[in-house]
Amino acid sequence: MRRFLCGALALIAFSALSATKSQAFTRTPQHLKPDPMAVANPREVAAIAPSANNLRRIAIAMHEYSDKHGILPPAAYWNKAGQACLSWRVLILPQLGHEALYKQFKLDEPWDSEHNKKLLAKMPSVYATPGLTKSRSTETYYRVFVGNGAGFDWIFGMGLPASFPDGTANTLMCAIASTSVPWSKPDELEFDPEKDATKLLGTLPTGQPQVVMFDGTVKTLKKLPSKQTLKLLIQRIDGQVTPDDF
């Protein structure tokens with residue numbers, strides 16, 4: 476399955492521009508057909524495809540983590556003292572092909588401990604957003620929404636697909652955020668249904684927001700969705716239909 480999914484990364488460039496015609500990620504191999512409408516501007520495709528590939532790889536790693544552990548990773552790893560130590564980005568390192576790096580972390584120590592802080596410089600390229608992340612930076616813009624019905628909880632991992640009554644294709648997994656954080660730090664986007672979550676979303680250098688859904692579908696949008704639309708996309712159990720403006 477991994478070989479098939481990784482091979483499918485090359486086809487993301489054809490679908491990344493379409494927010495409504497992207498092909499869904501499933502555990503059963505499917506033929507991903509390119510969308511002819513999505514390749515009208517090759518330069519734009521070239522600008523957005525690398526980040527789309529990163530998000531796709533993150534989604535695949537999340538699913539493989541779930542295959543192994545029975546649940547998705549929590550937003551943070553907590554030690555016995557009740558301290559949030561490391562981000563989900565560290566927990567899925569083995570699924571991204573960085574098991575050796577994962578084993579170098581001391582999971583019971585915070586991300587900025589004397590030992591773990593030295594590993595910041597080893598940030599995998601998948602966490603670098605092309606055009607946004609500066610050379611040799613140890614920070615990432617790829618962040619997830621946490622709490623209040625979002626797809627991630629700080630402490631508990633969600634089950635696939637049982638924890639997503641709205642459907643994995645209709646729930647937002649990971650997005651380019653408006654601000655970056657040290658990649659191993661458990662610092663995510665706190666979801667509050669009463670606040671405007673669009674302020675937490677960032678964009679590619681092209682000015683386009685980019686997200687990946689829990690089914691692995693990468694969506695590159697022409698503009699930020701409305702506050703209400705984003706709220707429904709973040710919530711995994713609101714029972715409402717995905718709005719037409721997404």
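Going by the working numbering, the first residue of the sequence shown is number 476, and it counts up by one from there.
Ideal placement from N, C-alpha and C gives every residue a C-beta, glycine not left out.
Handout entry: Nearest residue (CA-CA) to L647, options K706, H590, L547, A596
Key = K706
Exercise for the section: Helix, strand or coil for I709, going by three-state DSSP, please let me know. Expected result: helix
Handout entry: Identified DSSP bridge partners for P657
Key = E614
Exercise for the section: Look at F721 and P700 and say whether their C-beta atoms are less than 7 Å apart. Expected result: yes
Practice task
Starting from the C-beta of H506, find all residues in its chain whose C-beta is less than 6 Å away, skip the five residues before and the five after it, and write them out in chain order.
Solution key: Confidence is the limiting factor: at H506 the pLDDT is only 34, short of 50, which leaves the residue's position unreliable, though a coordinate-based value still follows. Around H506: no qualifying Cβ.
Exercise for the section: Pull up the DSSP beta-bridge partners for M648, would you. Expected result: Looking at the DSSP assignment, M648 forms no beta bridge with any residue, so it has no partner.
Problem - Exposure of N529, with buried meaning 16 or more beta-carbon neighbours within 10 Å - result: buried
Exercise for the section: Determine the burial state of D587: buried for a count of at least 16 other Cβ atoms within 10 Å of its Cβ, exposed for fewer. Expected result: exposed
Practice task
Check whether the region 542 to 562 touches the region 573 to 590, taking contact to mean three or more Cβ pairs, one atom from each stretch, closer than 8 Å.
Solution key: yes
Exercise for the section: Could you say which of E614, E519, M598, Q710 lies nearest to A672 if we only look at CA atoms? Expected result: Q710
Handout entry: Three-state secondary structure assigned by DSSP to Q703
Key = helix
Problem - CA nearest to the CA of V687, picked from E614, V619, D542 - result: V619
Problem - A559 in three-state terms, based on DSSP - result: strand
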